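Novice: Just so you know, we're using numbering that gives the first Met the number 0 here: the sequence shown kicks off at 0 and counts up by one.
Handing you this structure, nothing more for now.
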Amino acid sequence: MTLTRIALAGEGGQGVQSIAEIMAEAAYDNDQQALYIPNFGLEQRGGVSIAFIQFSDARIGAPKFQKADVVVALSERAVARTLGYSGPETIFVYDSGFSLAADKKPQEAKKIIGIPAVETASKQLHPRVFNIIIMGFVIGVSKVVSLEAAQRALENKLGYKFEKDPALRDLNFRALDIGYKMGEQSLQEEGVVHSV
Numbered sequence: 000m001t002l003t004r005i006a007l008a009g010e011g012g013q014g015v016q017s018i019a020e021i022m023a024e025a026a027y028d029n030d031q032q033a034l035y036i037p038n039f040g041l042e043q044r045g046g047v048s049i050a051f052i053q054f055s056d057a058r059i060g061a062p063k064f065q066k067a068d069v070v071v072a073l074s075e076r077a078v079a080r081t082l083g084y085s086g087p088e089t090i091f092v093y094d095s096g097f098s099l100a101a102d103k104k105p106q107e108a109k110k111i112i113g114i115p116a117v118e119t120a121s122k123q124l125h126p127r128v129f130n131i132i133i134m135g136f137v138i139g140v141s142k143v144v145s146l147e148a149a150q151r152a153l154e155n156k157l158g159y160k161f162e163k164d165p166a167l168r169d170l171n172f173r174a175l176d177i178g179y180k181m182g183e184q185s186l187q188e189e190g191v192v193h194s195v
């Protein structure tokens with residue numbers, strides 16, 4: 000049985016919960032098991048929002064976990080909130096738009112990767128799709144679902160918006176693809192991943 004545990008964290012409004020829902024739906028559509036647990040309270044008013052997701056080809060026993068295979072932190076406060084989920088086998092990902100001092104990095108991690116999601120979205124696409132770049136990255140690095148399943152789940156989640164503005168579909172699919180390629184690239188490289 001393969002089990003992959005992911006913790007996504009960011010400021011309220013950064014779309015952490017939305018991408019977790021989309022990834023879980025992509026797993027369901029692929030006949031995989033997925034368990035998504037949101038963690039938020041006052042985050043909609045400016046706190047850190049965390050999404051815990053597990054993917055497996057068999058039944059998932061426990062809803063909570065101590066260490067994640069992949070941790071994604073989209074802000075400095077999110078880094079602080081997720082350090083405890085990083086272990087010796089964890090891939091720790093953060094947006095390289097903010098500097099991460101050595102004493103703020105996880106003490107244990109297999110790999111620490113800074114990705115320019117906000118910068119890439121702002122320069123190549125639109126700032127509001129940076130979270131879709133993050134989702135693509137997580138899928139590219141973890142292979143928990145296929146890119147095609149993620150596209151279908153994205154269509155299911157945002158299809159009503161795509162119908163109103165078809166350019167949004169292309170924008171989101173491009174963001175997903177860019178993030179996915181960054182994730183695949185990061186498996187071969189060390190340090191900061193550059194935009195593709």
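Every residue gets a Cβ at the ideal spot worked out from N, C-alpha and C, and that includes glycine.
All values derive from a computational prediction rather than experimental measurement.
#1: At 3 residues or longer, and completely inside the stretch 24-68: list those beta strand (DSSP E) runs for me, N to C.
#2: Considering only residues of the stretch 90-176, which uninterrupted beta strand (DSSP E) runs meet the minimum length of 3 residues and lie entirely inside it, listed in chain order?
#3: DSSP on Gly178, reduced to helix/strand/coil?
#4: For the 8 angstroms Cβ check, are there 3 or more pairs between the stretch 52-60 and the stretch 83-93?
#5: Going straight from the alpha carbon of Glu188 to that of Met181, what length do you get?
#6: Say whether the stretch 96-107 touches the stretch 136-143, bearing in mind that this needs 3 or more beta-carbon pairs closer than 8 angstroms, one atom from each stretch.
#7: Could you check if Glu88 is buried or exposed, using at least 16 other CB atoms within 10 Å of its CB as the buried criterion?
#8: Report the three-state DSSP secondary structure of Thr1 (helix, strand or coil).
#9: Do you know whose CA, among Ala166, Phe51, Lys103, Ile112, lies nearest Leu34's CA?
#10: Val128 to Ile177, Cα distance in whole Å?
#11: According to DSSP, is Glu10 helix, strand or coil?
#12: Output the boundary residues of the alpha helix (DSSP H) element that contains Glu88.
#13: Among Ile36, Glu10, Gly83, which residue has its Cα nearest to the Cα of Lys63?
Specialist: Reading off the structure:
#1: 32-38, 47-55
#2: 90-94, 110-114
#3: helix
#4: no
#5: 10 angstroms
#6: no
#7: exposed
#8: coil
#9: Phe51
#10: 11 angstroms
#11: strand
#12: Unbroken run through Glu88: none, as it is neither H nor E.
#13: Ile36
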